[in-house]
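First residue of the sequence shown: 1, per full-length UniProt numbering; consecutive thereafter.
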Amino acid sequence: MNSIIATQNNATAKRFPTEETVVDGEDIISKLHESILGHILSFLPTMESVHTSVLSKRWVDAWKSITGLQFNDTLLCFGKKMQKEQFVCFVNMVFLHLANSSIHNFSLCLTRYQYDSTLISAWISFIFKRGVHNLHIQYADNVHFPSHSLFSCNSLVQLVLQMKCTISVPIFSFLPNLQNLSISGIRLVSESSNYSEDLILN
């Protein structure tokens, strides 16, 4: 009889994890290096990455190790639509905490509100200074694009722009690592005084 009970208990333990096994699993995650946690969180929308800071003390600063940012003003914040001011404050807060970090991937999707052109330009300039590899921006309104920041970004590998803006192309343009380029709604203007033709790409 005892052997039957022991067998049943073992089977139950296999089907239903005990509190100890759950805690052990949680401890394994919490012991991961900051860079690994940051890499994992980089695949999430930045809003969700930041929200992991409420899980425990171990996770308070984990999101500050992310190397990828995904901002979308249509995403919900705790089940509610974010107001324009809330979204702007959130993006600025993230940039403040990552002022000295490398950002490899950056995605900015703005479809709900209209924003100040200089604000968007400042955000883009900030990202170029962080050594971005992959840049994707979607915005329907006109933006003063920081052209010189673009053409001085040697780390850029992929550039996707779906926006209305004018990009001034310097006489000598050098993007040594650029492999993929997709632009829509962009007006390219040469800075050369001897060449005044424009190119509009859709």
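Where is the CB? At the ideal position from N, CA and C, for every residue including glycine.
I'd like the list of long-range same chain contacts for residue i, defined as Cβ closer than 6 angstroms, with 5 residues on each side in sequence excluded.
i    : result
C165 : V143, F145
N72  : C109
V50  : W63
S30  : R58
Cα separation between residue i and residue j?
i    : j    : result
V157 : T118 : 25 angstroms
D141 : G38  : 32 angstroms
H133 : V160 : 11 angstroms
K80  : Q86  : 11 angstroms
T74  : M47  : 11 angstroms
So if DSSP puts residue i in a beta bridge, which residue, or which two residues, is it bridged to?
i    : result
V160 : H136, S182
N142 : K164
F71  : L108
C153 : According to DSSP, C153 bridges with nothing at all.
L76  : K81
Among the options, which has the Cα closest to the Cα of residue i?
i    : options               : result
I103 : L161, I186, W123      : W123
F43  : N92, N180, F106, E191 : F106
L98  : H148, K80, F126, M82  : F126
Kindly list the residues whose CB is nearer than 7 angstroms to the CB of residue i, restricted to its own chain and excluding five residues on each side of it in sequence; keep chain order.
i    : result
S65  : E34, S35, L37, G38
G185 : Q162, M163, K164, N202
Would residue i and residue j qualify as a contact pair, given that the criterion is a beta-carbon distance under 8 angstroms?
i    : j    : result
V189 : S168 : yes
R130 : S101 : yes
W59  : T67  : no
V88  : L69  : no
Give me, in chain order, the residues of the same chain whose beta-carbon lies closer than 8 angstroms to that of residue i; leave out the 5 immediate sequence neighbours on both sides.
i    : result
Q179 : V157, Q158
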